[in-house]
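Under this note's numbering, the sequence shown has 161 at position 156, and the numbering climbs by one with no breaks.
Here's the structure we're looking at; comments come further down.
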Amino acid sequence: MRALLAGALVLGVGGSMTLAAWTDTETAQGTFAASKFGIQGSTDATAFADHPAASPAALSFAISPTAMSPGTTTYARFVVRTTADTTVPGSVALGGATVTGTGLGAYLRYGVRTVPAGSQCTSATYASGTVVVAADSALSTAAGNTQALAAAAGAPVTYCFAVTLPDGTPNAAQGLNATATWTFTGTSTS
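Take a look at the structure:
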């Protein structure tokens with residue numbers, strides 16, 4: 006009996022030693038990169054640059070905004086697009102102005118419309134543009150909508166600003182001044 010058990014033990018150990026298995030693996034990897042999104046502005050629709058809060062672009066108004074009289078409206082354009090290295094589309098929103106000065110801002114009213122790319126900003130193009138901020142709004146009024154921006158510096162949005170010192174502005178406004186600074190906020194959509 007012992008011999009039989011010893012033989013079975015040897016056979017069992019030998020049998021487990023001869024088992025073989027093959028293995029194989031598959032490997033996968035992903036590479037990830039964040040998108041890029043940025044906006045630039047231009048007053049002439051050709052020279053685009055970044056304009057941070059510390060050095061905003063100076064709007065070029067048709068009538069000198071430093072000699073406004075009641076009933077005067079002056080127009081200026083500002084064009085916004087994405088940067089050339091922007092990889093995703095987005096939208097842009099016009100915020101209400103931050104106003105400094107000696108008090109003229111309380112009397113001024115404005116409106117903003119988008120006009121076709123390449124257009125000048127005049128009373129005629131303003132009148133036929135798409136409303137962004139309703140005419141006769143306080144300078145602090147923000148846009149109620151956004152405008153679409155294409156990626157990679159494509160399809161700029163041309164804004165036409167109309168700033169008015171309304172008829173009936175009191176004599177107390179004479180000699181006052183104001184500086185209005187608007188902020189455009191771009192947001193990526195993907």
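Backbone N, C-alpha and C fix where the C-beta goes; we use that ideal spot for every residue, glycine too.
- Task: Can you give me the Cβ contacts of valine 120 inside the same chain, cut-off strictly under 6 Å, excluding the 5 residues immediately before and after it?
- Result: Thr130, Gly134, Thr163, Cys165
- Item | Local conformation of leucine 99 per DSSP, three classes | strand
- Bridge partners of tyrosine 164, per DSSP? Phe83, Thr119
- Rounded to whole angstroms, what's the CA-CA distance from alanine 3 to leucine 109? Just pull it up for me. Outside the shown range of the chain (6 to 195) lies residue 3, about which nothing can therefore be said.
- Assign glycine 173 to buried or exposed, taking buried as 16 or more other Cβ atoms, counted over all protein chains shown, within 10 Å of its Cβ. exposed
- Message: Using the three-state DSSP reduction, which class does leucine 170 fall into: helix, strand or coil?
- Response: strand
- Item | Residue-chain proximity (arginine 86, chain D), Cβ-Cβ < 7 Å | You won't find chain D in this structure, because it holds only one protein chain.
- Going by beta carbon distance, what residues of the same chain come within less than 6 Å of threonine 105, once the five residues before and after it are set aside? Thr184
- Message: Quick check on DSSP: helix, strand or coil for threonine 192?
- Response: In the structure shown, threonine 192 sits in a strand (DSSP, three-state: E or B).
- Task: Could you tell me which residues DSSP pairs with valine 138 in its beta bridges?
- Result: Val117
- Have a look at alanine 156 and glutamate 31 and give me their C-alpha separation to the nearest angstrom. The straight-line gap from Cα to Cα measures roughly 37 Å.
- Message: Is it buried or exposed, proline 175, if we count other Cβ atoms within 10 angstroms and call 16 or more buried?
- Response: exposed
- Taking just the CA atoms, how far does alanine 62 sit from tryptophan 187? 10 Å
- Query: Does the beta-carbon distance from valine 85 to valine 97 come in below 7 Å?
  - Reply: It is a contact, given that the beta carbons lie within the stated cut-off.
- Item | Chain-order list of residues whose beta-carbon lies under 6 Å from that of serine 193 (same chain, five-residue window excluded) | Phe42, Val93, Gly95
- Message: Taking its Cβ as the centre, do 16 or more other Cβ atoms sit within 10 Å of glycine 46, making it buried, or is it exposed?
- Response: Classification of glycine 46: buried, given that the 10 Å Cβ count is 16 or more.
- Message: Buried or exposed for proline 57, going by 16 or more other Cβ atoms inside 10 Å?
- Response: exposed
- Task: Give me whichever residues DSSP pairs with isoleucine 44 in a beta bridge.
- Result: Thr87
- Message: Using a Cβ-Cβ cutoff of less than 8 Å, which residues in the same chain neighbour alanine 148 once the five nearest sequence positions on both sides are dropped?
- Response: Ala98, Leu99, Gly100, Val117, Val137, Val138
- Query: Under three-state DSSP, which class holds alanine 129?
  - Reply: helix
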